[in-house]
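Below is one structure, written out as structure tokens, with a few remarks after it.
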Amino acid sequence: MWTEKQRGIRVTQEELLCKNACGFYGNPAWQGFCSKCWRDGSRSASTPRQDPRPRNDEASPTFSKFEEKKNFEKSRRINTVRRLFWGSLSPPRPQESSESHAKMLQAYQSLEPGDFPGFLKILRSPPSQRLQSRCTAFLNTMKACHDLPVQKQSDHVQDFYQSFSEHFRSFPEAQVTEIMEHVEKLIMTRLHKWVFCHDSCDDEQKDLALQRRIRSLNWVTAQMLSVPFPSEKIPVTGDPFLSAITAIIEMDAKRAPQDKLACVSKCCQHIFEALAVSSSEPANADDFLSGLVYVVLKANPPRLHSNMQYMIRFGLPHSLMAGETGYYFTNLSCAVAFIEKLDGPALNLSPEDFESYMRGQRAPSVAAKRHQVARDTQRLLEELQGRHEKLHQGVDDLGMQLQNWVQDVHSQIDEATAQFTKAEEEITAQAEVGQLASVSDQGQHREGDNEENSASILCDPHASPED
Numbered sequence: 002m003w004t005e006k007q008r009g010i011r012v013t014q015e016e017l018l019c020k021n022a023c024g025f026y027g028n029p030a031w032q033g034f035c036s037k038c039w040r041d042g043s044r045s046a047s048t049p050r051q052d053p054r055p056r057n058d059e060a061s062p063t064f065s066k067f068e069e070k071k072n073f074e075k076s077r078r079i080n081t082v083r084r085l086f087w088g089s090l091s092p093p094r095p096q097e098s099s100e101s102h103a104k105m106l107q108a109y110q111s112l113e114p115g116d117f118p119g120f121l122k123i124l125r126s127p128p129s130q131r132l133q134s135r136c137t138a139f140l141n142t143m144k145a146c147h148d149l150p151v152q153k154q155s156d157h158v159q160d161f162y163q164s165f166s167e168h169f170r171s172f173p174e175a176q177v178t179e180i181m182e183h184v185e186k187l188i189m190t191r192l193h194k195w196v197f198c199h200d201s202c203d204d205e206q207k208d209l210a211l212q213r214r215i216r217s218l219n220w221v222t223a224q225m226l227s228v229p230f231p232s233e234k235i236p237v238t239g240d241p242f243l244s245a246i247t248a249i250i251e252m253d254a255k256r257a258p259q260d261k262l263a264c265v266s267k268c269c270q271h272i273f274e275a276l277a278v279s280s281s282e283p284a285n286a287d288d289f290l291s292g293l294v295y296v297v298l299k300a301n302p303p304r305l306h307s308n309m310q311y312m313i314r315f316g317l318p319h320s321l322m323a324g325e326t327g328y329y330f331t332n333l334s335c336a337v338a339f340i341e342k343l344d345g346p347a348l349n350l351s352p353e354d355f356e357s358y359m360r361g362q363r364a365p366s367v368a369a370k371r372h373q374v375a376r377d378t379q380r381l382l383e384e385l386q387g388r389h390e391k392l393h394q395g396v397d398d399l400g401m402q403l404q405n406w407v408q409d410v411h412s413q414i415d416e417a418t419a420q421f422t423k424a425e426e427e428i429t430a431q432a433e434v435g436q437l438a439s440v441s442d443q444g445q446h447r448e449g450d451n452e453e454n455s456a457s458i459l460c461d462p463h464a465s466p467e468d
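In this text, residue positions in the sequence shown follow this note's numbering: the first is 2, and each later residue adds one.
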């Protein structure tokens, strides 16, 4: 079987859906069910069953007293929890005025999507005092009951989400979703240190086991997983999936489930972008899942199991059951399950080769990487040589253009100089002609004066020449 070549990891849309055929996405952590079907099944399984065996008459009074005491203790615990939630033994009384309630609803309706500071401002306003008191009481209750099993705490948080959303049942579904996302961020940011990787579960041990498993598979390459990214297009200086790797590593630093889920979505979107570079055809589900497995193996995200369980237990159900985020999270769960069960046939390897890889006896990936680096280096050198030749050709063309420009400038300067010299000569000649004309006029004027003086002397012989 292992000799048959297969491309990537094959998964159909039907395999991602809930086993109950409810239309939502299932999850390996929920045994193939969606969160709603899984919770309903787990709660029905935890309900105590009646003992069908007959009891004699002598034992029935004692058993009746035991049942009575048990029911009394149960009702007392329910009243205690109710008191912590509501501040009294009775459900909240509808004493708030209709005008105040209308103002509160109007304020939440005007809330912009993603405006968490605006949500906190509205929650602290007087019309929302009752909702704020509910959140405060719930946080205090959860902190006081942090020793409860993590599954019980998860049930309490999910019940709180459900009861809180009832205040906005008149809103459109999309708007209720946005408000509940703010509520989740407010509640789980405060409860993160109490419920994340809880002592009542084995999340820490599973984190270490998964981390060791991923570390032992560090020899797996993109070619083995049939990731559709041509090797000749992979740059030597970086990994095309680096952005996706960075995004999924950042998941552990977030505290709210929706923020962790946003890191998963960002990672998956970067994977689609990297796959889009490899081919003109859009990536399919098999290509995407193969790329996601490759990213998880290269990133080895810290506390991956705990982060996924945290989102499952305390995240809003709709975020994991449907939509884009639900699809991404379901594929992440499938990728982790694939890594945990990874064997030789999944990588088109024989069981012997797979075991030799796992024991470190064979490392062809080193030779393959060297060969890949050599090919990439050769390709890069050829590309640089072509660019160098183009650069030299451009320099030569630029030199010719510069020479022609200099010659044009010199010819224009010579032409301008010749025109200036000619104009200067014409101006000098005109000036000389003007001076000669002026001298001739002055000479004629003096001769006329002399003739007048001579005539006056002839007429008056006693006049002096000065007169």
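Note that beta-carbon positions come from the ideal geometry of N, C-alpha and C, so glycine has one too. Just so you know, these numbers come straight off a predicted model, no measurement behind them.
- Annotation for M252: no alpha helix (DSSP H) segment contains it, and DSSP assigns it neither H nor E.
- By the criterion of a C-beta distance shorter than 7 angstroms, W195 is surrounded in its chain by M143, K144, H147, once the five residues flanking it on both sides are discounted.
- A distance below 6 angstroms between beta-carbons, with the five flanking residues on each side excluded, links F242 to the following residues of its chain, in chain order: A275, V296.
- Of the other Cβ atoms in all chains shown, fewer than 16 fall within 10 Å of the Cβ of T422; this residue is therefore exposed.
- Using a Cβ distance threshold of 8 angstroms, N332 and F273 do not count as a contacting pair.
- Of the candidates R170, A103, N349, S334, the residue whose Cα lies closest to the Cα of V221 is N349.
- Distance from the CA of I414 to the CA of Q404, rounded to the nearest whole angstrom, comes to 15 angstroms.
- Boundaries of the alpha helix (DSSP H) harbouring S266: 258-279, taken from the DSSP string.
- Secondary structure of W406 (DSSP, three-state): helix.
- Contiguous beta strand (DSSP E) elements confined to the segment 300-363 do not occur, taking only those with 3 or more residues.
- Contact between L218 and L305 fails: their C-beta atoms lie close to 14 angstroms from each other, not under 8 angstroms.
- Around the C-beta of K342, fewer than 16 other C-beta atoms lie within 10 Å, and the residue is accordingly described as exposed.
- In the three-state DSSP reduction, P128 falls in the helix class (H, G or I).
- Within the same chain, Cβ atoms closer than 7 angstroms to the Cβ of S244 are found at H271, the five residues on either side in sequence being excluded.
- Non-local beta-carbon contacts of K261 in its own chain, meaning distances under 6 angstroms to residues more than five positions away in sequence, involve M252, K255, N308, M312 in chain order.
- Sequence-distant partners of Q259 (beyond 5 residues in either direction) whose C-beta falls short of 8 angstroms from its own C-beta, in its chain, are E182, E185, K186, G316, L317, S320.
- When DSSP states are grouped into helix, strand and coil, T178 belongs to the helix group.
- Rounded to whole angstroms, the gap between the alpha carbons of T190 and A323 is 23 angstroms.
- One Cα belongs to Q310, the other to L382, and the distance between them is close to 48 angstroms.
- Rounded to whole angstroms, the gap between the alpha carbons of C198 and P229 is 36 angstroms.
- In this chain, V221 is not harboured by any alpha helix (DSSP H), its DSSP state being neither H nor E.
- In the structure shown, D415 falls within a helical segment according to DSSP collapsed to helix, strand and coil.
- The Cβ-Cβ distance between L298 and I215 falls below 8 angstroms.
- In terms of Cα proximity to L226, the closest of D287, K267, I249 is D287.
- Cβ neighbours of H393 within its own chain (closer than 7 angstroms, five residues either side excluded): none.
- Remark: C-beta atoms of I123 and A103 do not approach each other more closely than 8 angstroms.
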